[in-house]
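Below is one structure; the comments refer to it alone.
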Amino acid sequence: MRLWMTGAICAALVTAVPATAQEVLTIGVRSEASSLDPHWTQLSADVQVHEHIFEKLVGLDSASQPIPGLAVSWEPIDDTTWEFKLREGVTWHDGEPFTAEDVIFTFDRLKAGISGAPASPAFQLDKGGKEWVAIDDLTVHITTDGPYPTVAEDLAMLPIIAQHAAEGAEESVDFNNGEATIGTGPFMYGTFNPGDSITLVKNPDWWGGEVEWDEVVFRPVTQDASRLAALLNGDVDIIDYPPTVDLPQLEENPDFTVTTIPSDRLIYLMPGYKHVEPFITDANGEAMMPNPLRDWRVRRALSLAINREAIRDRIMGGASLPAKNIVPPGFFGYVEDLEADPYDPEEAQALLEEAGYGDGFNITLHGPNDRYINDARILEAVAQMWSRVGITTQVDAMPRNIFFSRLIRGDELSMPGFDVPEFSMSLTGWGTVAGEATYTVSGTLETYNAATGGGNGNFGRYSNPEIDARSVLAKRTIDPDDRLALLQEAIRIGMDDYAYIPLHFQVNSWAMRAGIEHEPRTNERTLATEISRVE
Amino acid sequence: MTEYIIRRVLQALLVLIVMTMLVFFGVNVIGNPVYIFASSECDQACLDAIITDLGLDQPIWRQYLTFVGNLVQGDMGRSFTHGVPALHLIFERLPATLELAFSALVLALAFGLPMGIYAGLRPYGWGAKLIMSFSMIAFSLPVFWIGIIMILTFSVQLGWMPSVGRGDTVDLGFVEVSFLTLDGLHHLAMPAFTLSLIMMAMVIRLARAGMREVMFTDYIKFARASGVPERRVLGAHALKNILIPIVTVLGMEFGGVIAFAVVVESIFSWPGVGKMLIDAIAVLDRPLIVAYLICVVFMFVTLNLLVDVLYSLLDPRIRLGGGKA
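Just so you know, the sequences run in chain order V and C.
Per full-length UniProt numbering, the first sequence starts with residue 1, numbered consecutively.
Per full-length UniProt numbering, the second sequence starts with residue 1, numbered consecutively.
Right under this line is the structure:
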């Protein structure tokens, strides 16, 4: 008892000192933010820093569902107009009041285009042909070229900047030096030392309430092992993407905690649907006509031949959620009863036999080796599993800078404006950033149509009128219940037809020292407002 | 001498021009950066707009001419990723890399030279054997592994050393350095030592071999015979002669060290230029890759020139291209 008392007193003395000092949170991140101009990029590493400084009209909760941000409410007032009511009494970091004019300025800046910025989120404004007008200081109307349901989701991607600070500012440069980096968010610009650290300081007047940290430091530590070491020796308090092989040990260590949540990123295998596919050959090495992947039974066989649990346990360190859905649980469009295919090699072989491919065929499986978590190892595992049921599979993994160009426009028939994908079977991922499935269905399941943007991620060129009808209609249906029904039908049709073969959702993980609590997010971002000290 | 330098500068310019072509066309055949940067929700019209905005719809020779035109005016373009002029990014980060590389060079000479000379003078003692085994280990173990082990030992287990970043820096007006603060030195120690190992091993071996050879030459014997103190025999007569191969090799190696710095920089999260290049290549940030490579070529050419000049200062017999000698 006395020992316990002594311990308690010592602990009280020790903690008494930092209580008066600054509360600093140091976050070790895998990728550093490359620009503090929130309109320059929308890469995750950048956005997670922007989100501390700048806010959007619509926020996203930890399951990526829309919540009030700088707008307190929004509703359609007719088929083509959405009314956004802005939050009252919000001030910029320099004390100026936030008004509808800032919103208009922001959208105008994006509309004019951020020259030289290939990853700008500006295209979100073109979707649905949006136009905007300020009705009064606290009301903004967004009009679209037809019924358009996902205005709020789109606006959740567009950070609002201050007109008085950012007018005439040089893109990126003036945001990196802090001149134009005036936001409304919980933290203010502190210092930006490229490659070394970004420091943000607490905004004492944040409308969202008291912020727990006086200072937040983002430290890029690219190497997995170094990032883990930085956590272990106390250089940082929390890290993102702890190496998957070390997750089990970290979970057992009482000095550290790990948080995980299924992410919005689906990893899947996409079959090519051309009549003749260059990377599919018969036993003699001849091209096959018809392309066996056009047979539903073959695609089902390929799916059943994959042991998703083994991939999860042996390759992903447990950090994956085997799936047949295209959006994770909790997202708008999730279909409750679509469960990941079981591992059933006998059934797979029977299906191949039935389809007339009992002797198998040869296929080359393409994929990136530096884009998704453990991507190259997943490719190898899948290739072995397929070879076991008689489909001789070769793996061709390559760096993403080559992979994506070939995936999208690799075929010799490609011309500018008319992309022909190259691969016959490839591993890719799709992140449903908006928290709802409308553009996931449209992007991956709809027939490719350069004019409407339908199927722009459909690199296998799958085409199914049943899905097209529902997807196109869903994009124009404002009523949430009707839209949900359409999306779920489309997903069910697509997945029952094995339009592509889903493997799993990546699981996001974070590791932190004891004494810190963290609410994990589906969208891979690490936000200081969601990290708190445990008393 | 002047004529020689002018000739070398002209050669260097030619190398630079050829390099811009190689780099520019080489980078352009890899893949299309737009497909990496653009969101997956960006449709064909949106992709085309980006391609036009970046000028990638132009024929490649026209892109090259535009690039050269801008280059002549000192503009190497804006990085796709950072949105900041590429040259600015490089100069922002190059000091950190150079500081690391120079610290490594100083460490390599400060420790390597005495060790090598000692091993050369007493080649059969246990001290020499110890030194030679150390140089062998430093040579053959991968830098990556040594770095990780250092972090595990000194940061994680012992807790003596920080494992990430550069620490406090001092602004010298034109450049920020960390070796002038205690915290900065603390941060610099492990990465600089790791980076210096290969150079150090090389210095040890060259100094030892040189020493063994030089000590048996006539002029050393003569110097000793005429009563020159041993300290001066070693310090002036022997040292000057063994330095020539060391300067040659280090001059060439120094470029390599800056390249090796990529690995050390990423292990110790040192905010240098190498790490930035690797990231730029992964996402095909063309302006940044091209600008960096051109700077590197520029640096190598300058280094070679410096080595040649140093040569002639160390050894009057080598007055290259002078014609008058």
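All C-beta atoms in this analysis are idealised placements derived from N, C-alpha and C, irrespective of residue type, glycine included.
Excluding five sequence neighbours on each side, which residues of the same chain lie with their C-beta closer than 6 Å to the C-beta of C/VAL23?
Cβ within range, chain order: VAL290 and LEU293.
How would you label V/ASP313, buried or exposed, when you count the other beta carbons within 10 angstroms and need 16 or more for buried?
By the 10 Å Cβ count, V/ASP313 comes out exposed.
Rounded to whole angstroms, what is the Cα-Cα separation between V/THR393 and V/TYR357?
If you take the alpha carbons of V/THR393 and V/TYR357, they lie about 14 Å apart.
Compare the C-beta of V/GLN163 with all C-beta atoms of chain C and state if any pair is closer than 8 Å.
So, not an interface residue.
At the level of alpha carbons, what is the spacing between C/VAL53 and V/SER120?
A small fix is needed here, since residue 53 of chain C is Asp in this sequence, not Val. Their backbone Cα atoms lie some 12 Å apart in a straight line.
To the nearest whole angstrom, what separates the beta carbons of V/ALA117 and C/GLY83, a pair I think is in contact under 8 Å?
About 6 Å; that satisfies the 8 Å criterion.
Quick one: does C/ALA227 have its CB under 8 Å from some CB of chain V?
Checking the sequence shown, residue 227 of chain C turns out to be Gly, not Ala. Answer no: the Cβ-Cβ gap between C/GLY227 and chain V never drops below 8 Å.
May I ask you to report which of helix, strand or coil DSSP gives V/SER263?
Three-state result, V/SER263: strand.
Please give the ranges of any alpha helix (DSSP H) in the segment 39-78 of chain V, keeping only runs that are unbroken, at least 4 residues long and fully inside the region.
As far as the segment 39-78 of chain V is concerned, its whole alpha helix (DSSP H) runs of at least 4 residues are 44-53.
Suppose the cutoff is 6 Å on Cβ atoms and the five residues either side in sequence are ignored; what does the same chain contact list for V/GLU212 look like?
Within the same chain, V/GLU212 has close Cβ partners SER532.
Could you tell me if V/LYS202 is buried or exposed, where buried requires 16 or more neighbouring beta carbons within 10 angstroms of its beta carbon?
With 16 or more Cβ atoms within 10 Å of its Cβ, V/LYS202 is classed as buried.
Does the segment 418-426 of chain V come within contact of the segment 453-468 of chain V, defined as at least 3 CB pairs closer than 8 Å?
Touching, yes, given that three or more Cβ pairs across the two stretches are closer than 8 Å.
Between the segment 139-166 of chain C and chain V, which residues of the former have CB atoms less than 7 Å from a CB of the latter, in chain order?
Residues ILE148, ILE151, LEU152, SER155, VAL156, GLY159, PRO162, SER163, VAL164, GLY165 and ARG166.
What residue range is occupied by the uninterrupted beta strand (DSSP E) comprising residue 544 of chain V?
Nothing about residue 544 of chain V can be reported from this structure: the residues present for chain V run from 1 to 535 only.
Give a yes or no on whether 8 Å exceeds the smallest Cβ distance from C/ALA325 to chain V.
Residue confidence for C/ALA325 is low, a pLDDT of 37 falling below 50, so the modelled location carries little weight; the figure read from the coordinates is stated next. It does not; no Cβ of chain V falls within 8 Å.
Roughly how many whole angstroms lie between the Cα atoms of V/ILE280 and V/ASP482?
So the two alpha carbons sit approximately 41 Å from each other.
Tell me where the alpha helix (DSSP H) around V/ASP481 begins and ends.
Unbroken alpha helix (DSSP H) run through V/ASP481: 480-496.
Give, in chain order, every unbroken run of the alpha helix (DSSP H) that is at least 4 residues long and sits entirely within the segment 131-197 of chain V.
Whole alpha helix (DSSP H) segments, 4+ residues: 151-155, 163-166 and 173-176.
What would DSSP say about C/ALA201, mapped onto helix, strand or coil?
Looking at C/ALA201 - three-state DSSP - the assignment turns out to be helix.
If you run the structure through DSSP and keep just helix, strand and coil, what is V/ALA33?
V/ALA33 falls in the coil class under three-state DSSP.
For the alpha helix (DSSP H) that contains V/GLN349, what are its first and last residues?
Start and end: 345-355.
Put residue 566 of chain V into one of helix, strand or coil per three-state DSSP.
Because chain V spans 1 through 535 in this model, residue 566 of chain V falls outside it and cannot be assessed.
Who pairs with V/THR364 in a beta bridge, going by DSSP?
Answer by DSSP bridge pairing, in chain order: V/GLN394.
At the 8 Å Cβ level, is C/ALA38 part of the contact set with chain V, yes or no?
Yes, because at least one Cβ of chain V sits closer than 8 Å to the Cβ of C/ALA38.
For a minimum of 4 consecutive residues, which ranges assigned as the alpha helix (DSSP H) are wholly contained in the segment 37-109 of chain C?
Complete alpha helix (DSSP H) runs here, min 4: 44-53 and 60-72.
Determine contact between the segment 90-100 of chain V and the segment 126-143 of chain V, defined as no fewer than three beta-carbon pairs at a distance below 8 Å.
With a cut-off of 8 Å, the segment 126-143 of chain V and the segment 90-100 of chain V count as touching, because enough Cβ pairs lie within range.
Between V/GLN506 and chain C, is the shortest Cβ-Cβ distance under 8 Å, so that the two count as touching?
By this cut-off, V/GLN506 is not an interface position.
Consult DSSP for V/ASN401 and reduce its assignment to one of helix, strand or coil.
Residue state, collapsed to three classes: helix.
What residue from C/PHE80, C/GLY69, C/ILE60 and C/ARG8 has the CA that sits closest to V/LEU43's CA?
The shortest C-alpha separation from V/LEU43 is found at C/PHE80.
CA-CA distance, V/ARG300 and V/MET495?
Cα-Cα distance, rounded: 10 Å.
Need the endpoints of the alpha helix (DSSP H) that V/ARG297 sits in, please.
It spans 296-304 - the alpha helix (DSSP H) in which V/ARG297 sits, taken as one unbroken run.
Take the Cβ of V/GLU524 as the centre, count every other Cβ of all protein chains shown within 10 Å, and call the residue buried at 16 or more, exposed below.
V/GLU524 should be labelled buried.
Find the residues of chain C that neighbour V/TRP74, judging by a C-beta separation of less than 9 Å, and give them in chain order.
Residues of chain C passing the Cβ test: none, with the nearest at roughly 21 Å.
So what does DSSP say about V/GLN506, is it helix, strand or coil?
Three-state result, V/GLN506: strand.
Please report how far the alpha carbon of V/ILE378 lies from the alpha carbon of V/PRO368, in whole angstroms.
V/ILE378 and V/PRO368: Cα-Cα distance of roughly 10 Å.
Would you please verify whether the beta carbon of V/SER414 is less than 8 Å from any beta carbon of chain C?
It does not: the Cβ of V/SER414 has no partner Cβ on chain C nearer than 8 Å.
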